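First to last, the sequence lines map onto chains H and R.
Number 168 in this note's numbering belongs to position 166 of the first sequence; there are no gaps in the numbering.
Number 204 in this note's numbering belongs to position 134 of the second sequence; there are no gaps in the numbering.
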Amino acid sequence: MKINMNSLCRRILAAAFTVVLATGAGRALAAENLRVAAVFETPIEEPWVNQIHVALKKAEEELGIEYTWSESVKAADFARVMREYAEGGYDLIMGDAFGAERIARRVAKSYPDTAFVFGSGIGPADPNFAVFDNWIHEPAYLAGMIAGKLTEKNTIGAVAAMTIPEVNRLCNAFCAGAKEVNADVKCKFSFIGSFFDPPKAKEAALAQIDQGVDVIYAERFGVIEAAAERGIRAIGNMSDQRELAPETVVTSVVWDMWPTVKQVVNVVQAGVFTAQDFGQFSYMSKGGSFPAPYHEWEDKLPEEVKSMVAERTQEILDGTFRVPIDESTPKSE
Amino acid sequence: MSEILEQIFQIGFFTAMLRVATPLLLATLGEMFSERAGVLNLGIEGIMLLGAMVGFAAGYFSGSLWLGIVAAAVTGIAFGGLMGLLTVSLGLSQHVSGLGITLLCSGLAFFGYRLIFGQPSQPPHVDAFESVPLPWFSDIPFIGPILFDHVTLVYIAFLLVPFAAFLLYRTPWGLNLRTVGENLQAAASAGVSVAWKRYQALMISGALFGIAGAYFSLAQFNAFTFGVISGRGWVCIALVVLGRWDPWRCAFAALLFGAVDALQLRLQSSGIIDLPFQVFLLLPFLVTVVAMAVLARNARAPASLLVPYRKEER
Numbered sequence: 003m004k005i006n007m008n009s010l011c012r013r014i015l016a017a018a019f020t021v022v023l024a025t026g027a028g029r030a031l032a033a034e035n036l037r038v039a040a041v042f043e044t045p046i047e048e049p050w051v052n053q054i055h056v057a058l059k060k061a062e063e064e065l066g067i068e069y070t071w072s073e074s075v076k077a078a079d080f081a082r083v084m085r086e087y088a089e090g091g092y093d094l095i096m097g098d099a100f101g102a103e104r105i106a107r108r109v110a111k112s113y114p115d116t117a118f119v120f121g122s123g124i125g126p127a128d129p130n131f132a133v134f135d136n137w138i139h140e141p142a143y144l145a146g147m148i149a150g151k152l153t154e155k156n157t158i159g160a161v162a163a164m165t166i167p168e169v170n171r172l173c174n175a176f177c178a179g180a181k182e183v184n185a186d187v188k189c190k191f192s193f194i195g196s197f198f199d200p201p202k203a204k205e206a207a208l209a210q211i212d213q214g215v216d217v218i219y220a221e222r223f224g225v226i227e228a229a230a231e232r233g234i235r236a237i238g239n240m241s242d243q244r245e246l247a248p249e250t251v252v253t254s255v256v257w258d259m260w261p262t263v264k265q266v267v268n269v270v271q272a273g274v275f276t277a278q279d280f281g282q283f284s285y286m287s288k289g290g291s292f293p294a295p296y297h298e299w300e301d302k303l304p305e306e307v308k309s310m311v312a313e314r315t316q317e318i319l320d321g322t323f324r325v326p327i328d329e330s331t332p333k334s335e
Numbered sequence: 071m072s073e074i075l076e077q078i079f080q081i082g083f084f085t086a087m088l089r090v091a092t093p094l095l096l097a098t099l100g101e102m103f104s105e106r107a108g109v110l111n112l113g114i115e116g117i118m119l120l121g122a123m124v125g126f127a128a129g130y131f132s133g134s135l136w137l138g139i140v141a142a143a144v145t146g147i148a149f150g151g152l153m154g155l156l157t158v159s160l161g162l163s164q165h166v167s168g169l170g171i172t173l174l175c176s177g178l179a180f181f182g183y184r185l186i187f188g189q190p191s192q193p194p195h196v197d198a199f200e201s202v203p204l205p206w207f208s209d210i211p212f213i214g215p216i217l218f219d220h221v222t223l224v225y226i227a228f229l230l231v232p233f234a235a236f237l238l239y240r241t242p243w244g245l246n247l248r249t250v251g252e253n254l255q256a257a258a259s260a261g262v263s264v265a266w267k268r269y270q271a272l273m274i275s276g277a278l279f280g281i282a283g284a285y286f287s288l289a290q291f292n293a294f295t296f297g298v299i300s301g302r303g304w305v306c307i308a309l310v311v312l313g314r315w316d317p318w319r320c321a322f323a324a325l326l327f328g329a330v331d332a333l334q335l336r337l338q339s340s341g342i343i344d345l346p347f348q349v350f351l352l353l354p355f356l357v358t359v360v361a362m363a364v365l366a367r368n369a370r371a372p373a374s375l376l377v378p379y380r381k382e383e384r
């Protein structure tokens with residue numbers, strides 16, 4: 003019985019090898035079409051993940067990559083799904099590794115010929131695990147300047163996921179921007195302990211509004227609805243969220259993953275991929291983030307505020323102004 | 071301390087308390103009915119999620135939010151019936167069947183949503199229920215805006231409490247239900263159909279779970295998203311124990327949880343106490359557990375809870 007099992011195992015292994023070799027050969031022939039897979043921990047609607055998805059969709063059309071993805075992959079399944087794609091001969095595997103940092107890194111080690119590029123709060127790992135992150139503190143700072151000018155009660159707030167570095171630096175930049183233009187402003191922060199729980203985010207926002215917040219930064223999904231219900235102003239996050247409530251959303255802190263995806267696809271295609279930090283490609287100067295257009299607020303915002311923001315935007319693009327990166331835990335005032 | 075009290079004695083705090091408590095109350099009452107008949111319905115979390123999805127989809131396409139609520143209730147009844155088939159007719163393990171239904175319903179909600187709405191980059195939304203201030207009553211100072219300025223489902227949920235108590239304690243139907251929950255043989259020999267009673271209780275619980283779920287996607291929020299229930303169903307299982315299987319105490323339990331949840335959000339953003347945010351978030355759970363240890367120490371679960379009924383078996 004035991005011998006039988008062994009021979010069976012060997013046969014399966016042999017078959018697997020043949021498949022791997024065959025796909026490897028196929029890949030060499032069709033080197034033009036880069037095969038890209040993405041593994042997302044949350045459903046695709048979650049704004050953070052959606053920005054990556056949208057950029058990869060665009061790459062499918064404009065760069066001719068072949069793209070497939072899996073959503074809602076929990077930490078327990080993360081390694082399996084990553085391995086399936088790696089075994090399936092994908093050249094580039096992207097995703098968000100925040101919930102499965104160690105798992106993603108361990109899996110990547112087993113497939114040195116595959117490029118792994120993951121959203122991560124920590125650094126890249128040789129030879130093939132590169133990282134990116136939403137370095138959108140610059141537009142968050144600009145949005146803060148607008149909030150600081152718009153607030154009538156000198157109280158602004160942010161409802162965010164949890165006190166992790168990538169969230170902290172957005173909240174802190176938002177508050178710092180407001181304080182630069184209005185020294186009397188007080189910042190309030192709430193954390194809902196989840197990346198995607200809109201009812202809870204809405205309830206947290208309502209609590210802040212009860213406490214006098216009149217401009218609120220919707221770091222998480224669900225906040226804008228509360229702002230619209232109570233008739234205060236809101237700043238969107240991740241994508242241009244104007245259409246959720248046109249009268250309420252003054253601007254949004256937009257993260258555009260296109261420069262990152264384009265760069266990643268280019269280096270992988272050129273065969274010069276290394277385990278690097280692609281974070282810079284989310285900066286404003288690279289077009290990886292920007293404040294959304296004002297839309298309905300174009301006429302309602304005072305000229306003075308608009309020119310102030312435009313000036314600071316130019317300084318950031320020119321590199322003459324650096325938005326401070328503060329990743330300490332923000333505290334309510 | 072006075073600063074904390076200042077946070078509490080605000081109209082906003084009390085309205086938030088009622089808003090947070092409402093879906094929990096609906097689901098807790100549902101779970102109470104099924105457990106009173108001796109069936110632990112762990113399908114609660116999944117049925118709530120599916121109710122939120124079906125309710126939203128029906129409301130979105132028909133344009134009538136109330137039709138969405140009805141659709142959610144009907145879905146709940148169907149899966150309550152399925153739970154009955156598994157645990158009553160087939161006499162399977164209530165734990166396993168309930169968890170199975172939760173997994174099935176969560177999967178169905180996910181799959182159904184993708185089938186109907188595809189993968190939108192921004193979830194489609196409806197114009198959610200708006201609050202309906204009751205004329206005259208809502209003008210009473212302080213109390214008026216707290217009690218009489220809510221969406222209709224909030225009024226319905228709280229009116230359900232005396233209704234459930236009446237049904238349970240003052241009608242033959244309720245007496246029979248409680249008998250089934252305490253002693254299966256006695257109920258059967260008194261001519262009560264144990265199976266049918268349990269089916270009824272499970273379908274009532276399913277309907278209330280469905281409505282509670284739809285409250286999230288049609289009233290509390292205006293869209294269905296996958297994180298919309300996030301374990302709130304499991305909370306209700308604990309609230310039933312804290313409520314000692316009694317409608318009035320269940321209402322108290324839901325209000326207590328709602329109050330602490332509303333308070334922790336206000337404490338977080340007030341900056342009065344400097345603690346890691348996780349401590350604030352776990353406060354409602356902590357208070358529930360402590361309250362359960364103190365108030366429900368002598369609570370006795372219905373005697374036939376988890377016991378399957380097989381005719382002529384002792």
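The beta carbon of each residue, even a glycine, is placed where N, CA and C say it ideally should be.
Here the structure is a predicted model, which is why all the values come from computation and not from measurement.
For N239 of chain H, the uninterrupted beta strand (DSSP E) segment begins and ends at R235 to M240.
Contact between the stretch 274-286 of chain R and the stretch 80-100 of chain R is established, with three or more Cβ pairs separated by less than 8 Å. Between G238 of chain H and the set H:L36, H:Y296, H:E73 and H:D79, the nearest pair of CA atoms involves H:Y296. In terms of Cβ geometry, V270 of chain H and D93 of chain H form a close pair [threshold 8 Å].
With a threshold of 16 other beta carbon atoms within 10 Å, Q348 of chain R falls short and is exposed.
Beta-bridge analysis with DSSP links I281 of chain R to no other residue.
When only Cα atoms are considered, S334 of chain H and V196 of chain R end up about 33 Å apart. When CB distances to chain H are screened at a threshold of 7 Å, the residues of the stretch 73-107 of chain R falling below it are Q80, G82, A86 and V90, in chain order. For A128 of chain R, the closest of R:T145, R:F236, R:I114 and R:E383 by C-alpha to C-alpha distance is R:T145. Within the stretch 216-227 of chain H, the residues whose Cβ lies closer than 9 Å to any Cβ of chain R are, in chain order, F223, G224 and E227.
When 8 Å is used as the limit between beta carbons, F286 of chain R is near these residues of chain H: P201, in chain order. For the pair of segments examined, the stretch 242-258 of chain R was found not to touch the stretch 73-90 of chain R: the number of CB pairs separated by less than 8 Å stays below three. The C-beta of T98 of chain R has 16 or more other C-beta atoms within 10 Å across all chains shown, which makes the residue buried. Considering only beta carbons, the part of the stretch 330-344 of chain R lying closer than 8 Å to chain H consists of D331, A332, L335, R336, Q338, S339, S340, G341 and D344, in chain order.
For F79 of chain R, the three-state secondary structure derived from DSSP is coil. Beyond the five residues adjoining it in sequence on each side, S254 of chain H comes within less than 6 Å, by CB distance, of G238, D242, Q243 and A294 in the same chain, given in chain order. CA-CA distance, D219 of chain R to S208 of chain R, rounds to 6 Å. With respect to the C-alpha of W299 of chain H, the residue from H:R235, H:V75 and H:P114 having the closest C-alpha is H:R235.
Taking the Cα positions, S72 of chain H is about 23 Å away from A163 of chain H.
Among the bridge pairs identified by DSSP, A117 of chain H is matched with H:L94. A132 of chain H is positioned such that its CB atom lies closer than 8 Å to that of Q278 of chain H. Among the CB atoms of chain H, one or more fall inside 8 Å of the CB of N292 of chain R. Of all residues in the stretch 292-320 of chain R, only N292, A293, T295, F296, G297, V298 and S300 come within less than 8 Å of chain H when Cβ atoms are compared, listed by chain position. Assignment of beta strand (DSSP E) within the stretch 156-209 of chain R, counting only whole runs of 3 or more residues, yields no such run. Sequence-ordered contacts of the stretch 259-274 of chain H with chain R are nonexistent [C-beta pairs closer than 8 Å]. With 16 or more other CB atoms across the displayed protein chains lying within 10 angstroms of its CB, H55 of chain H is buried. Leaving aside the five residues that flank Y130 of chain R on each side, the residues in its chain whose CB is nearer than 7 Å to its CB run, in chain order, P194 and V196. R:F84 is the residue among R:V357, R:I274 and R:F84 whose C-alpha sits nearest the C-alpha of I213 of chain R. I343 of chain R sits exposed, since fewer than 16 C-beta atoms from the chains shown fall within 10 Å of its C-beta. Across the set R:F355, R:E105 and R:L351, the C-alpha of R:E105 shows the shortest separation from the C-alpha of R370 of chain R. Assignment of Y69 of chain H by DSSP, reduced to helix, strand and coil, places it in the strand class.
Residue-level contact check: P190 of chain R touches chain H, since one or more beta carbons of chain H fall below 8 Å from its beta carbon.
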